[in-house]
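*Asks:* Mind the numbering: the sequence shown is residues 475 to 593 in our numbering, read in order.
Glycine residues also receive a C-beta, built at the ideal position from the N, C-alpha and C atoms.
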Amino acid sequence: MNETTKQSVVKQVNALLRAPSCCAGAKTAAQAWLDARGTAQEAAAAQAMIAELEQDIMPLDGLIAFASSEAGAKVFGAERAQALLSHAQERKAAGETFCDCPACAAVAAILAQKDAILC
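Given below as structure tokens:
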């Protein structure tokens, strides 16, 4: 990975770690990759991080289903759930695929550089 790409990935991984919407598994994998940079464990940590992030990024269909459910209303509150539902439906109608919360946006940016990270 060239230096420009490396710095971009590090920036996005740090953004992911700061995102309030980042789940524990993604935080653990991201921090493990940062800690392993420049060591013999970097490649394995990169593979583990990518595998975790591919599982964690929220497809809009999943967000729409959750935001429109009773469980979504309980988690977010009725007004916030409705706002999330509307936003997700607008993004889907615009051809987007994934949630754009801070965590998912960082994950999408990291996964866009997956090939460089795994080389």
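Measure how close the beta-carbons of residue 566 and residue 538 come, nearest whole angstrom, since I'm counting them as under 8 Å.
*Replies:* 7 Å
*Asks:* Please name the residue or residues paired with residue 533 in a DSSP beta bridge.
*Replies:* 572
*Asks:* For residue 554, decide whether its Cβ has a neighbour in chain D, counting only Cβ atoms nearer than 9 Å.
*Replies:* Structure shown: chain D not included; a single protein chain is present.
*Asks:* Less than 9 Å between the C-beta atoms of residue 487 and residue 510, yes or no?
*Replies:* In this structure, residue 510 does not lie closer than 9 Å to residue 487 by Cβ.
*Asks:* Within 10 Å of its beta-carbon, does residue 549 have 16 or more other beta-carbons around it, so buried, or fewer, so exposed?
*Replies:* exposed
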